[in-house]
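These notes are about the structure you will find just below.
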Amino acid sequence: MNHDENSVPVPLTTKVKPPAQILFCKGCCCGKTERGLPEVPVDRLKATWKAEKLNKGVQLTISGCLGPCDLPNVAVVVTPQGTEWYGRLDGDAHYDAIINWARACLAAGSALPIPESLAPNRFDRF
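Residue 21 in the working numbering is what sits at position 20 of the sequence shown, and the numbering runs on without skipping anything.
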């Protein structure tokens, strides 16, 4: 689309604005059980998000490699308050905590803090 050099650009907007987004890495390392790494329960996550319409509270994204590959499994939480990185997610307890957090965000209609049980898995990416 051509713009007149004197025109003021209009910022893009979207109608879809969930309070938060979570990205789960399913790239070169994360979830590769054949390499001895823990599973990323993608089917379970997708089924839960769909059945409970959790995308209205937390947008679920299954991504290619997010890095860093030395901390599989990696997830990134994006909220208006900022971006948080989590690594070494494994087992039902971690994923149950994330699902319950998404349920709480949906019920509250806003991004809530990530459960304290995941604090040991948080890391600074940059």
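We put the CB at the ideal spot given by N, CA and C, even for glycine. None of these values were measured; they are calculated from a predicted model.
Which one of the options has the shortest CA to CA distance from residue i?
i      : options                        : result
Ile63  : Cys29, Gly37, Gly92 and Gly110 : Cys29
Trp50  : His95, Val79 and Ile100        : Ile100
Leu113 : Pro12, Gly68 and Trp102        : Trp102
Phe124 : Cys106, Ala98 and Leu90        : Leu90
Determine the burial state of residue i: buried for a count of at least 16 other Cβ atoms within 10 Å of its Cβ, exposed for fewer.
i      : result
Cys66  : exposed
Phe127 : exposed
Glu85  : buried
Gly88  : buried
Thr15  : exposed
Ala109 : exposed
From the DSSP output, read off the bridge partner residues of residue i.
i     : result
Gly83 : Thr80
Leu24 : Thr62 and Val77
For the beta strand (DSSP E) that residue i lies in, which residues bound it at each end?
i      : result
Val9   : Unbroken run through Val9: none, as it is neither H nor E.
Ala120 : Neither: Ala120 is in no beta strand (DSSP E) and is coded neither H nor E.
Please check if any C-beta of chain C sits within less than 8 Å of the C-beta of residue i.
i     : result
Ala21 : No chain C appears in the structure shown, which is made up of a single protein chain.
**Prompt:** Can you list, in chain order, the stretches of the alpha helix (DSSP H) that have 4 or more residues and sit fully within the stretch 51-112?
**Reply:** 92-109
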